[in-house]
Amino acid sequence: MKTLVAYYSETDNTRRLAEAIYESINAAEKDIVPIGEAVPDPYDIIFVGFPVKANSVPGKVEKFIKSIPEGRKLAFFLTHGSMRGGQLAVTALHHAMGLAARQTILGSFGCRGQVRADVIDSLLQKPEHRAWAMEAQSADGHPDGADLEDGREFADAMIAKSRNM
Ligand SMILES: Cc1cc2nc3c(=O)[nH]c(=O)nc-3n(C[C@H](O)[C@H](O)[C@H](O)COP(=O)(O)O)c2cc1C
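For the sequence shown, my numbering gives the first residue as 1, with consecutive numbering after it.
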């Protein structure tokens with residue numbers, strides 16, 4: 001099974017999670033490539049990683065998901081400033097899954113990712129965004145060692161699941 005880890009990352013949070021996932025994948029052939037350079041065609045299993053941006057999926061990532069040929073196995077991973085399991089991250093994940101209707105989705109994993117200080121500072125000034133900015137501040141230091149370990153376990157579970165299908 002040829003496996004690809006394709007990720008998009010602006011401040012390295014998702015890249016670090018992608019690398020942890022990649023290390024953990026026990027497969028004869030595996031590659032890790034940033035979205036923008038990644039070509040999905042040769043792969044049976046594709047891990048697609050992205051940061052939640054404005055409640056959704058970054059445009060480049062949407063385009064990449066839409067380019068994946070029918071019938072491939074996908075696993076999504078994401079980082080986000082809001083709490084684990086929070087509504088914004090779930091909404092973004094559902095959007096990503098909706099773009100992959102012709103593929104098999106093995107599963108998904110999300111963890112928090114530290115938010116750029118200038119973004120937090122500017123949102124703290126805006127009353128309508130202040131509550132979110134305060135919540136997002138507590139993502140400082142993430143992904144941490146425990147998040148990356150959870151990411152490795154996720155990778156192992158996805159590969160095991162793909163073998164049993
Ligand atoms: C412009 C911008 C918009 C963001 N919007 C959201 C959002 O809607 N929900 C959320 O949970 N996190 C949001 N975040 C936080 C990022 O998802 C988080 O910091 C992520 O870990 C960044 O990943 P990266 O370092 O791989 O780019 C936003 C960050 C930026 C810079």
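Heads up, the beta-carbon is just placed ideally off N, CA and C, and yes, glycines get one too.
Return helix, strand or coil for residue i, following the three-state DSSP convention.
| i | result |
| --- | --- |
| K126 | coil |
| R168 | Lying outside 1 to 165, the shown extent of the chain, residue 168 is not represented and no answer is given. |
| A89 | helix |
| R112 | strand |
| D31 | strand |
| T14 | helix |
| Y7 | strand |
| I120 | helix |
| S56 | strand |
| A157 | helix |
| A139 | coil |
| I105 | strand |
Regarding residue i and ligand 1, is the C-beta to nearest heavy atom distance less than 7 Å?
| i | result |
| --- | --- |
| P40 | no |
| S9 | yes |
| G5 | It should be pointed out that residue 5 corresponds to Val in this sequence rather than to Gly. No, since every heavy atom of ligand 1 falls outside the 7 Å radius drawn around the Cβ of V5. |
| K34 | First, the residue type needs correcting, since residue 34 is Pro and not Lys in the sequence shown. Because no heavy atom of ligand 1 lies under 7 Å away, the Cβ of P34 does not count as near it: no. |
Please determine, among the options, the residue with the shortest C-alpha to C-alpha distance to residue i.
| i | options | result |
| --- | --- | --- |
| F77 | H94, G71, S67 and E70 | H94 |
| K63 | A6, R15, I21 and E19 | A6 |
| A69 | M83, S138, S82 and D41 | One point to set straight first is that residue 69 is Pro, not Ala, in the sequence displayed. Checking every option, the nearest Cα to that of P69 belongs to D41. |
| S138 | I120, E149 and Q87 | I120 |
| K73 | T3, G151 and A27 | T3 |
| G86 | R112, A96 and R152 | R112 |
| A18 | V90, D44, D150 and G98 | D150 |
| S162 | I46, F50, Q114 and V33 | I46 |
Taking 7 Å as the line, does the beta carbon of residue i fall inside it for any heavy atom of ligand 3?
| i | result |
| --- | --- |
| G113 | Of the ligands this structure carries, namely ligand 1, none is ligand 3. |
Touching by the beta-carbon criterion (3+ pairs, under 8 Å), the region 94-106 and the region 147-165:
yes
At least three beta-carbon pairs within less than 8 Å, the region 3-13 to the region 46-63:
yes
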